[in-house]
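Chemist:
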Amino acid sequence: MSRAPILSLAVKSLMNRRLTVGLTLFALAVSMMLVLGVEKVRGEAKLSFANTISGADLIVGARSGSIQLLLYSVFRIGNATNNISWKSYQQIAARPGVAWTVPMSLGDSHRGFRVLGTTGDFFWHYRHGRKRNLKFSGGKPFNDLFDAVVGSDVAKALGYNVGDAVVVAHGLGREGFKTHSDKPFKVSGVLAKTGTPVDRTVFVSLEAIEAIHVDWQSGSPIPGMSIGADKVRQMKFTPKAITAVLVGTKSRFGAFGLQRSINEFPAEPLLAILPGVALQELWDLMGTAELALSVISVFVIAAGLLGMVTMLLAGLNERRRELAILRSVGAQPRHLFALLAAEAGTLSVAAAGAALALLYGVFLIAQPILDAEFGLFIEITSPSRHDLTVLGMMIVAGTLAGFLPAWRACRQALADGLIVRT
Amino acid sequence: MPPSVVQLSDVKFRWRPENPLTLDVPGFELTAGECLFVYGPSGSGKTTLLNLVAGVANPEHGEVRVLDQSLAQLPTAHRDAFRSDHIGLIFQMFNLVPYLSVVENILLPCRFSARRRDRAVANDGSLDAGASRLLGDLELDFAGLGSRTVSELSVGQQQRVAAARALIGAPELIIADEPTSSLDADVQQAFLDLLFNEVKRTGAALLFVSHDRRLEPRFTRSVSLTDINNAVTPSPGPQLSP
Ligand SMILES: Nc1ncnc2c1ncn2[C@@H]1O[C@H](COP(=O)(O)OP(=O)(O)OP(=O)(O)O)[C@@H](O)[C@H]1O
Ligand SMILES: [Mg+2]
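One line per chain: the protein sequences are A and B, in this order. Just so you know, we're using our numbering here: the first sequence kicks off at 1146 and counts up by one. Just so you know, we're using our numbering here: the second sequence kicks off at 48 and counts up by one.
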């Protein structure tokens, strides 16, 4: 006898027990969906993280740890211990292998968001994700000394539109009581969402950072000295120091040589890092979290499969007669084994299908929330090969789990003989 | 002398190694075309005997031959296939698979036996035609019942469907284990009439066990299991209707 008739028996037998089978299927589908969802989010998070900054070949800062440099220059977490002098910056920019540089100056904040002083080149050279450019959802890069560009989270959180005024606080205090209120900025552009720290940044020109501090000294306004915005506009600013530099090289290979020579910079101790490598290091630091997720996934799927095995095992006792009847019409033990295994397999396949449907349903609902709350943009695509592999493995695991009730069914049927008395 | 369909010689059987012998049958025979009635009190081993003849249980000693084939010489899988090819079984009750329709239940042996399938098709043109004819012969309405689920049938109807399943594809041996004991007296007689007719039509041998000796006169021959079984069975106690 071929397998197909056994499969049709299995399907009919499952349909006959709709309620218990349905509930088991639902539980299994939910656990499969959780595993797929966790996998997907993990993959997207890793991808989005690894590509936080994909345009620059090197990041240069004062000598510290590479992770620390990455954290403050890219993620705006923590602070630079030291600055790079403007002179050193100019020397680096003039190196033969260097294609472009973008200086960055950090230190001020605006209502909880970091302010980054940079040049207009930043908007051109910064890449994220799959080499995506920054896009303006409104307005344009800064032009005037007191122009500011805000990231999408900033615009959303503070309700900023092009043309609105921005007062920058000195230092990083949320309620910066020392504000640069005498020199308000105007929003010239709003960036589109990127899912990177750019979203949470206020961009001004490098000169503006110098300008707002022109009448300050060691962190406080110089008493009795207040220079108005219009007057400042007439002044010429050259920064004395910056926090970090993004460097693009003419060739990938050149990046390594340049990195080495910057690390041995004679004038001051500097550190150059390859952002991809440092991002990977940082991600690996979180490896245990990733492992924990995998372990949780395994337990989740094990719980789902256990539920199914329990259902099938519990059903066997009620089905002793049915199995004896099948024996009496010529079913061999291997047919009974196949029947139970096919039931487990059918349930697993059905659960896998339901899991995919649930997953897409959940992602359709969760996508805007994940994007808005965590800057994690989950692309809704057809199931990847990875998804299908994971699903396939869960189906195989489900069918294998069915071997236990299948084996029990055979043993029970052989012990019972033709007549089951109850 | 007609050919032998079932032959037991010096068969000893017990369900568990620690149990006493349930059956110790020096000799027992059923020949082609015979309708044999085997009776014995509850617990005397009637169903056990049928398990041996159907090749579901194996004797620890002696030989069971069916259609001149020694069952012990067949590997288990072949024994199961042999059963589906040559033997039709009817039980006392709960004969049917609950999740299959009436027709699917009747055609169940044809799923496991190509021989039964081919014979049914050769006899009636198609499997459905075979099922339909048998239902008609057993005075059941194919159009009305064929696609119904079996739980909607009366017990008498269920037993007739079980008989149709045993008969489909014309196996050489029909084994019936008290198929009428859950039926009313008049339904019992009607059921036996139909069963005898069909058995006669296909020329199959019928091995029928029951504790109810009122049925005995209708059979060509009858045997008391306690007479042919040397094993000391536990005292039967008060006769219980199952
Ligand atoms: N599957 C089994 N496993 C263990 N012991 C069994 C099994 N089937 C029957 N027995 C034992 O074998 C003995 C004979 O039982 P059997 O079912 O053959 O009697 P019976 O004559 O068919 O009785 P009844 O008229 O009540 O159906 C009994 O003692 C019973 O307990
Ligand atoms: Mg019995």
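Every residue, glycine too, gets a C-beta built ideally from N, C-alpha and C.
(1) With a threshold of 16 other CB atoms inside 10 Å of the CB of A/Ala-1235, please say whether the residue is buried or exposed.
(2) So the candidates are B/Ser-269, B/Ala-251, B/Val-100, B/Gly-191; which of them puts its Cα closest to the Cα of B/Pro-49?
(3) Assign B/Arg-163 to one of two classes, buried (16 or more other C-beta atoms within 10 Å of its C-beta) or exposed (fewer than that).
(4) Using a Cβ cut-off of 8 Å, which residues of the region 215-248 of chain B contact any Cβ in chain C, in chain order?
(5) Within 8 Å of any Cβ in chain B, is that where the Cβ of A/Leu-1563 sits?
(6) Quick one: is A/Ala-1476 near chain B, going by C-beta distance under 8 Å?
(7) Starting from A/Ile-1418, trace the alpha helix (DSSP H) in both directions and tell me its first and last residue.
(8) Could you spell out the range, first to last residue, of the beta strand (DSSP E) harbouring B/Ile-222?
(9) What whole-angstrom Cβ distance do B/Ala-211 and B/Ile-153 have, given they're in contact under 8 Å?
(10) Kindly indicate if chain B contains any beta-carbon less than 8 Å away from that of A/Lys-1157.
(11) Less than 8 Å between the C-beta atoms of A/Thr-1583 and A/Asn-1228, yes or no?
(12) Is any heavy atom of ligand 2 found at a distance shorter than 7 Å from the C-beta of B/Lys-59?
(13) In the DSSP assignment, the beta strand (DSSP E) including B/Tyr-86 goes from what residue to what residue?
(14) Are the region 1414-1423 of chain A and the region 1203-1214 of chain A touching by the rule of at least three beta carbon pairs closer than 8 Å?
(15) Using a Cβ-Cβ cut-off of 8 Å, state whether A/Arg-1145 counts as contacting chain B.
(16) In whole angstroms, what is the alpha-carbon distance linking B/Val-53 and B/Asp-184?
(17) For the region 62-89 of chain B, list every residue whose C-beta sits within 8 Å of some C-beta in chain A, in sequence order.
(18) List the residues of chain B whose Cβ lies closer than 8 Å to the Cβ of A/Arg-1472, in chain order.
(19) Report yes or no: do the region 141-148 of chain B and the region 196-214 of chain B share at least 3 C-beta pairs separated by less than 8 Å?
(20) Can you determine whether any heavy atom of ligand 2 sits closer than 7 Å to the C-beta of B/Asp-71, and answer yes or no?
(21) Given that B/Arg-207 touches chain A, what residues does it touch there, using C-beta distances under 7 Å?
(22) Mind checking which residues open and close the beta strand (DSSP E) that includes B/Leu-136?
(23) Using a C-beta cutoff of 8 Å, does A/Asn-1462 count as contacting chain B?
(24) Less than 8 Å between the beta carbons of B/Glu-245 and B/Leu-220, yes or no?
(25) Strictly under 8 Å for the Cβ-Cβ distance: is A/Met-1160 near chain B by that measure?
(26) Return yes when the C-beta of B/Thr-94 is under 7 Å from any heavy atom of ligand 2, and no when it is not.
(27) Between A/Thr-1169 and the rest of its own chain, which residues show a CB-CB distance below 8 Å, the 5 nearest in sequence each way excluded?
(28) Going by the C-beta, is B/Asp-165 closer than 7 Å to any heavy atom of ligand 2?
(29) Roughly how many whole angstroms lie between the Cα atoms of A/Gly-1188 and A/Pro-1411?
(30) Does ligand 2 have even one heavy atom less than 7 Å from the beta-carbon of B/Asp-224?
(31) Distance check for A/Leu-1471 and A/Ala-1459, CA to CA, integer angstroms please.
(32) With 8 Å set as the bound, which would you pick, yes or no: does the beta-carbon of B/Ser-257 sit closer than that to a beta-carbon of chain A?
(33) Relative to ligand 1, is the shortest distance from any of its heavy atoms to the C-beta of B/Arg-63 smaller than 7 Å?
(34) If you draw a straight line from the alpha carbon of A/Asp-1298 to that of A/Gly-1304, how long is it in whole angstroms?
(35) Please confirm if the region 1337-1356 of chain A is in contact with the region 1260-1271 of chain A, defined as three or more CB-CB distances below 8 Å between the two stretches.
(36) Do A/Leu-1484 and A/Ala-1542 have their CB atoms nearer than 8 Å?
Modeler: Quick answer:
(1) Before going on, a small fix: residue 1235 of chain A reads as Gln here, not Ala. When all chains shown are included, A/Gln-1235 counts as exposed.
(2) For the residues B/Ser-269, B/Ala-251, B/Val-100, B/Gly-191, the minimum Cα distance to B/Pro-49 belongs to B/Ala-251.
(3) Buried is the call here.
(4) The structure shown contains no chain C; its protein chains are A and B.
(5) A/Leu-1563 counts as touching chain B.
(6) Chain B, which has a Cβ nearer than 8 Å to the Cβ of A/Ala-1476, makes this yes.
(7) Counting along the chain, no alpha helix (DSSP H) covers A/Ile-1418; the unbroken beta strand (DSSP E) around it starts and ends at 1415-1418.
(8) 220-224 is the extent of the beta strand (DSSP E) around B/Ile-222.
(9) So it is a contact: roughly 5 Å between Cβ atoms.
(10) At least one beta carbon of chain B lies nearer than 8 Å to the beta carbon of A/Lys-1157.
(11) The structure shown does not extend to residue 1583 of chain A, since chain A is modelled only from 1146 through 1567, so no value can be given for it.
(12) Flag unset: Cβ of B/Lys-59 not near ligand 2.
(13) Per DSSP, B/Tyr-86 belongs to the beta strand (DSSP E) from 82-86.
(14) Result yes; three or more Cβ-Cβ pairs closer than 8 Å.
(15) Residue 1145 of chain A cannot be examined here, being either before or after the span of chain A that is shown, 1146 to 1567.
(16) Those two C-alpha atoms are separated by around 27 Å.
(17) Along the region 62-89 of chain B, there is no position whose C-beta sits under 8 Å from a C-beta of chain A.
(18) Correct list: Val-103, Asp-127.
(19) Contact between the region 141-148 of chain B and the region 196-214 of chain B is present: three or more C-beta pairs spanning the two stretches fall below 8 Å.
(20) Taking the Cβ of B/Asp-71 as the reference point, every heavy atom of ligand 2 lies at 7 Å or farther away.
(21) Those do not exist, as B/Arg-207 stays about 16 Å from chain A at its closest Cβ, beyond 7 Å.
(22) Segment 134-137, the beta strand (DSSP E) holding B/Leu-136.
(23) No, no contact with chain B.
(24) Contact flag unset, no.
(25) Interface residue, yes.
(26) For ligand 2, at least one heavy atom lies less than 7 Å from the Cβ of B/Thr-94.
(27) Within the same chain, A/Thr-1169 has close Cβ partners Gly-1452, Met-1453, Met-1456, Leu-1492.
(28) Not so, every heavy atom of ligand 2 lies at least 7 Å from the Cβ.
(29) Straight-line Cα distance between these residues: approximately 42 Å.
(30) B/Asp-224 Cβ: within cutoff of ligand 2.
(31) In this structure, the CA atom of A/Ala-1459 is about 19 Å from the CA atom of A/Leu-1471.
(32) Chain A, which has no Cβ nearer than 8 Å to the Cβ of B/Ser-257, makes this no.
(33) Using a cutoff of 7 Å, the CB of B/Arg-63 counts as near ligand 1, since one of the ligand's heavy atoms is closer than that.
(34) One alpha carbon belongs to A/Asp-1298, the other to A/Gly-1304, and they sit about 9 Å apart.
(35) Judged by Cβ distances under 8 Å, the region 1337-1356 of chain A makes contact with the region 1260-1271 of chain A, as three or more pairs qualify.
(36) No. Outside cutoff.
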